[in-house]
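Enquirer: Mind having a look at this structure? Questions to follow.
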Amino acid sequence: MGLLDALLGRSKPVRPDLDRLFALPAAAVTLEAAAGFRPTGYGSVCFAGGEGAGFARMEEEAGALLTGSPEFRRDDYGYTWLLTRHDSEDVAGLVNDLHAANVTLQDGGFAPQLLCSLVGFRDAHSRSLAMVYLYKRGTFYPFAPQPGGGERRDNGLELQARALLADDLRIEEDLSRWFPVWGAPGL
925 MGLLDALLGR SKPVRPDLDR LFALPAAAVT LEAAAGFRPT GYGSVCFAGG EGAGFARMEE
985 EAGALLTGSP EFRRDDYGYT WLLTRHDSED VAGLVNDLHA ANVTLQDGGF APQLLCSLVG
1045 FRDAHSRSLA MVYLYKRGTF YPFAPQPGGG ERRDNGLELQ ARALLADDLR IEEDLSRWFP
1105 VWGAPGL
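The sequence shown begins at 925 in our numbering and counts up by one.
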């Protein structure tokens, strides 16, 4: 970054640090102990779908690495979700799968297509919560859709999760980057 960038308010983009995903098992313990949210056993990686044989081969490689039950889904916006399932108590195994899929896509030259990864949680009242990792920012944020369908968020729950997990995860400070992931597989 040069002097002109500093004067114009530009900053260097944050480099993704996929190893931050490995903090999720500790965060899961915190969420369960402090708020009653248990892991669902579902997690997913979202990326912009590519074209051609190279991208199809990379999708196959990413899916083959997973120890859970991988499944590819395309959402209404044209993004591809790689969904994996594990026993709800095996958050570490789930995170290993998400990390492996991200690294495979990144190392295959598809890093610009990676958007986010998420791990799902649910409480005794059937409220859903996802911890979303923003690939390009290297940060997490909570996403909590309101029960009953529709596209409404439980902002209070999201802010509560942010406060609870501030010591466990690098939380995205810019709330405008807490993008909704409506209908995300694994939520």
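Ideal Cβ positions, reconstructed from N, Cα and C, are used throughout, including at glycine.
1. Just curious, the beta strand (DSSP E) that R1009 is in, first and last residue?
2. Buried or exposed: E983, going by 16 or more other Cβ atoms within 10 Å of its Cβ?
3. Closest by CA to D1021, which one among W1102, G1107 and L942?
4. Run through DSSP, which three-state label would G978 get?
5. Could you work out which residue in G978, A988, F971 and D1014 is closest to R997 when comparing CA atoms only?
6. Between which two residues does the alpha helix (DSSP H) harbouring P949 extend?
7. Go to A1024, then tell me how far its alpha helix (DSSP H) extends in each direction, as first and last residue.
8. So the candidates are A1085, A1024 and L1029; which of them puts its Cα closest to the Cα of F1045?
9. Give the list of continuous alpha helix (DSSP H) stretches no shorter than 4 residues that lie fully inside the region 1046-1109.
10. If distances are taken between C-alpha atoms only, which option among D1092, P949 and V1019 comes closest to R1009?
11. To the nearest angstrom, how far is the alpha carbon of T991 from that of A1025?
Expert: Answer, in terms of the structure:
1. Y1003 to R1009
2. buried
3. L942
4. helix
5. F971
6. L948 to A959
7. V1015 to L1029
8. A1085
9. 1079-1089
10. V1019
11. 11 Å
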